[in-house]
Each structure stands twice: as structure tokens, then as C-alpha cells.
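If you're matching positions, the sequence shown starts at 2 in my numbering and goes up one per residue.
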Amino acid sequence: HYRTAKAYILYREQHKKIRETRKLIMDIEETMNGYLKQSDWRVNENSNIAYSFSGLLMHAGGSVIANYTLHNVYPPEIAMAHKDGAFHIHDLSMGITGYCAGWSIRQLLLEGFNGVPGKIESAPAKHLDTALGQMINFLGTLQNEWAGAMAFSSFDTYLAPYVRKDNLSYKEVKQRIQQFVFNLNVASRWGGQTPFTNLTLDWTVPEDLATEPALHGGKFLEETYDDYQEEMDIINKAFMEVMYEGDSKGRVFTFPIPTYNITHDFDWNSENADLLFEMTAKYGLPYFQNFINSDLKPGDVRAMCCRLQMNLKELRNKTGGLFGAGESTGSVGVVTLNLPRIGYLAENEDEFFTKLGSLMDLAKNSLEIKRKFVSANIKQGLLPYTKRYLGNLDHHFSTIGLLGMNEALLNFMGVNIASREGRSFALRILDYMREKLKQYQEETGNIYNLEATPAEGTSYRLAKIDKRKFPDIITSGTGGRRQNPRQSLREPYYTNSTQLPVNYTDDIFEALELQEELQRKYTGGTVFHGFVGERISSGESCRKLVRRIAYNFRIPYFTITPTFSVCPNHGYISGEVYKCPQCGKETEVYSRVVGYLRPVRNWNNGKREEFKDRKEYKEDIAFDKRNIIYAPKVKA
């Protein structure tokens, strides 16, 4: 009997291995075929990744890493919450690395690009072209050790001394900036991606740097940064001209995403300001960081350095918006909660908050696990340049975000987020989440933040799962039946974070009033996108709009985003035009997908559905005299 039992056990174990091997082979075939035939929606999950062999490598390798991370790093209850769609763990294909990071230009200029055994080493740069080259190499290299955006702050301030030391003409500065921008837009990252980069430009010298000795060639100078405003102006002008002109076909440079600091001493009437608002009117490139009328302070960008003593009883604001970050800070990982499902399943408010709290606890556990795992990977040298330039994750946030507040309210209360009742309950939810994050900080000793996560693929993925599990759940994008027999069912999606329904209003000031209080609750990335249908009529109109928003709304970050098209023969065309009016060729139509400019045809199905539904803000309504909000006079 013993031999028989043993043989039977061995037989079962052998067949289990055969079944697992067959399943593995089938999974590999499914992954490959899904990409090659473009039948898997995740081929377009990230619109920055083009269909290509490099994209296939990323898709296949990422699937292996995601599967490993879910089943070997996280416990079953966390893996199941992700797979079942209760929440979404972002960037599982890079799950053994951190999410996003802000780096210090000052450190790079002081120390050079070096310090990793077996790799070439560069001393601190002594010339502008060398400094820019080291920045390109730095961002490109570190991008491969992190899943999300890489950011540099105070680009214009830190580089200004190099312009003077090299005695460069404006033309020479522009040539070097042009090389820098072109190189950052080459698809040099794994997966055939352009490195996802963000630059913050101070415009005027920040107070905390004004009296600091300027840095050049790894040494400190007698002059302070306050002496270099003229060179900062030259850098800003060159950068804006390059971005405004685009490439040889008139195609927009989608990276680096520029963030401009709007401070009380911002000169609204300068030559550079004219260029900034012309560029914004045409392409909508910049993010505006509102230091005039928000809770942010310009020095916060450098407030997360190693000398910082954290008060874990308070939540800190992460600077830089959705894709930026202050020096030596960022996010270890992001988990986005599926609020519409909670709204659908909860019978009353107590149950709603109980379910929300339990899901947040699970998200917290996943982020603590990831922090330990990524920290171990840094220590053992898996991320060598992160180890060299960062060392640890002590000042990186664990990020919890939310998706679909609007649909959660519709499912739970039968009202949308624009209603007084809906907005009031949404604010209570955000306050509850903030209090939970404070508890997590005190409990773990790690810093947490609340983010309006971009959710480019998540908004589609979670809505698809929910529509399959709960056919009568309310989502955006699908009413459940065809408008006519020839029309296919629309794709479901959830509205990002606590944003208004994308088709709610064409009045930008109405939208700002409804969003202001909600957006101020976030301590991580958040942004108000001012989607306009086509190019704003003039830079002057754009200037007035940005100024009114900055002075009259406590929105921390915002954009003005026109839709535009690019013909392969005739370049830039204002508005959503699918065939060139001059030659009839198919164009690329560009708009922001969650925060960065990409051709709409590269978006996933859910985001394309959202684009169809989007109601743009009308310029004539924004400047109707009844809607005019006057800004205080600003010193020129």
C-alpha cells in the first residue's frame, strides 16, 4: 500500500507539473499573439509606447515581471484585489522598481555623472553643452531604473552660470537647447518609448537660491544665483522657441513636459511672457504651478532633501504636479482605488466608509511591501545609478489614489460630482482618506500622499472588469445599448479621480469653481486641464486666461490644452482635423491623454471614448464680460 500511495502521489505531482507547463506555454502564446495581432487592448495601454519590436519586448518581459511580482512579492489577498479590479497596482511590469523620481541638477553639476563600478565616468561639467549632455545621459539611464516620470527642477536657474562662463551668444544657447530637446524625444527607453521627462523652470530666481553661491564645473563661485537673471531669461527664451517651432515637420515635442512657476514677481508683460503664452495658445505644452494663490511655496521643491525632519502627523505636499517631483523625492509606488465599485456595493454610508477603509489598509500593506522590496533591490545593486544618486527611499512617498468619484456617487447616491450633495460627500471621502494616510505615517514611519492618479489604462481596465462582473453598474462611455443598430456598443471608462464628467460644461470658470475645493485636498499630483477645442486666438488671450486662473482660484496646477493636428506634408493645423485641407493626407490629431500630448490614435479604447465625449471649454464664454474675473495689478 505504501508503494502504491507513493507512486500515486508522484503521478499526481508529475501531472500537475505537466499541466503547469502547458498553461505556461499557452500563456506565452497568448501574450505573444495578443501583441502581434494587436488583439490585447494593453498594446495601447500606454500611448507613449508604439507598436514595434521594442514594444513587444517590453510587453513580453513586462508580463513576466508583472506575473512574478503579483505571485512572489505580494500575498494572495493583495494579488487578488488587483486581479479582481478592487484596486489597481500601477506599473506591475516594472513592479520591482520605484514609480517616479525628482533628481537634483545641483548634485549632478557638483559631482558629475559617475560612481557606478564598471561604467564610464564623467567629471563635473565645465560647459553648457557638456552639462546638457550629462543631463540627457542621466535622465535616459535613470529612466530605465524607474517606471514613471523623471524630473529636474530649477533648470534655468542652475544652468544660467554656464551661459555666462562660456560667453555664449543667444544663437549658440538655442542650438544647445535644441540638441537637448531633440535627444530627449528619441525613443531610447525600453519598449521603444521616449523617456518620460519633466523640467521645472523658475522664470525668476527663487528666494531660497537667490543668495546661494552659484555652481560651475563642480566648484562654487563668488557670484550668487541672484546675479544671473539675464542668463535665465536667455535659457527660457531659447527653450520656448525650440518647443514652439517643433520638429522639421512641425510636430510637437511631447517631452520634456515644462512646468512654469507662477509667482508674485512673475513678469506678465515681458518678451519671454509673450513667447510663453504664444506657445501655450498653439500647443498647450506647459503646466503652470500656482505659487500665487495656492498652498504651495517655491522653496518646497528643495524641501525634501536629506536634512528634512518629517512631522509624520501632517501630510506634506509633493511638488511638481502629476509628472514632476522635487529634488530627491518622488513616489515608491501607486495604488489606485476603484471607488465606483464601492459605491455600487455599499448599502449605506457606514458600509461605504468601512469598505473604503479596508481597501486602503490593503493598499497600504502593498506599498509597505513594495518599499521594502525596492529598497532591498537598491542595496544589492539591481538599480546601480539609483543607489549612487539617491541611496535610499526615505523621502519618497507611498501614493494612494482614487478613480471614478463621479461614477461612485452616481452608483451610491444617484447624483454626480457637480451637484451640491455629490460634491459634499466627495469632500468627506477625501478628508477620510487624508486622515487614514496620517495614521499610516505614524504607524509605519514612512510618508504617504493622496494623488489624483493619471490612470491612463486603469480608467479603462477597471471599468471593463466592473461591467463584466456587474452589468448594471454605472460607468461613463456606455449606456448599455446602441444608439442605432449599426453602431457598436461604446467602450466603458471611469472619470479620472474627482474630475467633472468630461462633457459637463463648456465654461472653464464654472468648472474651476466646481473643482477648486476638491483639487486642494490632494497632497500628491493633481492638475486641472483646461481643454479648449482649438488654438486660442492669441497669446494675449491666453495670458489673460492664465492670469485670471492663477489669481482667482486656489488650484495648485493647471494647463491650457488646445487640440491640434499635424499633416506629414504641411505641419501644424489648428483644431481636430483628420484630413489635411491642402493635400488630403491623413493627419495626427494631438491632445493630452491624462497629462501629456500624444496622437489620439495611439490612445487605448477607453481614452478614445473619453475624447469623443469631451466637451471643450469655449474661448468666447471664458472672455464673455459676464464671466470676466479681474486679476490684481502685477508689478512689471
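Here a beta-carbon is modelled for each residue, glycine too, at the ideal position from N, C-alpha and C. Every value quoted in this text rests on a predicted model; they were computed, and no experiment measured them.
Less than 9 Å divides the Cβ of residue 564 from the Cβ of residue 617. Distance from the CA atom of residue 416 to the CA atom of residue 183, rounded to whole angstroms, is 47 Å.
With a cut-off of 8 Å on Cβ pairs, the region 270-281 is not in contact with the region 521-529, counting fewer than three such pairs. Counting only the Cα atoms, residue 430 lies some 26 Å from residue 508. Under the DSSP definition of a beta bridge, residue 557 lacks any partner.
Counting along the chain, residue 164 sits inside no beta strand (DSSP E); it lies in the alpha helix (DSSP H) bounded by residues 156-166.
Contact between residue 605 and residue 461 holds, with the beta-carbon distance rounding to 5 Å and staying under 8 Å. As the crow flies, the alpha-carbon of residue 243 is around 11 Å from that of residue 249.
Taking a 10 Å sphere around the C-beta of residue 266, we find fewer than 16 other C-beta atoms and assign the residue as exposed.
Judged by DSSP in its simplified three-state form, residue 498 adopts coil rather than helix or strand. Per DSSP, reduced to three states, the secondary structure at residue 187 is coil, with no helix or strand assignment.
Counting every other CB atom within 10 Å of its CB across the protein chains shown gives residue 513 a total of 16 or more, marking it as buried. In this structure the region 195-203 lies against the region 136-150, because at least three pairs of beta carbons, one per stretch, are closer than 8 Å.
For the pair residue 450 and residue 438, the CB atoms are nearer than the 9 Å cut-off.
For residue 128, there is no enclosing alpha helix (DSSP H), as DSSP gives it neither H nor E.
For the region 342-385, the full-length alpha helix (DSSP H) segments reaching 4 residues or more read 350-380 along the chain. In the structure shown, the three-state DSSP call for residue 72 is helix. Annotation for residue 37: 57 place their beta carbon closer than 8 Å to its own, counting only its chain and skipping 5 residues before and after. As computed with DSSP, residue 584 is found in no beta bridge at all.
When only Cα atoms are considered, residue 577 and residue 344 end up about 36 Å apart. With contact defined as three or more Cβ pairs closer than 8 Å, the region 358-367 and the region 61-68 are not in contact. The DSSP-derived three-state label of residue 141 is helix.
By the CB criterion at 9 Å, residue 400 and residue 454 fall inside the cutoff. DSSP links residue 288 through a beta bridge to 260.
Listed in chain order, the non-local C-beta contacts of residue 235 below 7 Å within the same chain comprise 164, 171, 174, local neighbours out to five positions each way being set aside. Residue range 397-404 is occupied by the beta strand (DSSP E) that includes residue 403. Rounded to the nearest angstrom, the Cβ distance from residue 110 to residue 159 is 6 Å, consistent with a contact under 8 Å. Residue environment for residue 91: buried (at least 16 other C-beta atoms within 10 angstroms of its C-beta). Using a 10 angstroms sphere on the CB of residue 151, the tally of other CB atoms reaches 16 or more, which defines it as buried. Its chain contains 567 as the residues whose beta carbon lies nearer than 6 Å to that of residue 252, once the 5 sequence neighbours on both sides are disregarded; these appear in chain order. With contacts defined as CB atoms closer than 9 Å, residue 185 and residue 261 fail to qualify as a contacting pair. Inter-residue distance for residue 538 and residue 276 is about 14 Å (C-alpha atoms, whole angstroms).
DSSP, read as helix, strand or coil, puts residue 589 in strand. Counting only the Cα atoms, residue 414 lies some 49 Å from residue 157.
If you draw a straight line from the Cα of residue 386 to the Cα of residue 226, it is about 28 Å long. Between residue 62 and residue 100 a beta carbon distance of about 18 Å is seen, past the 8 Å cut, so the two are scored as non-contacting.
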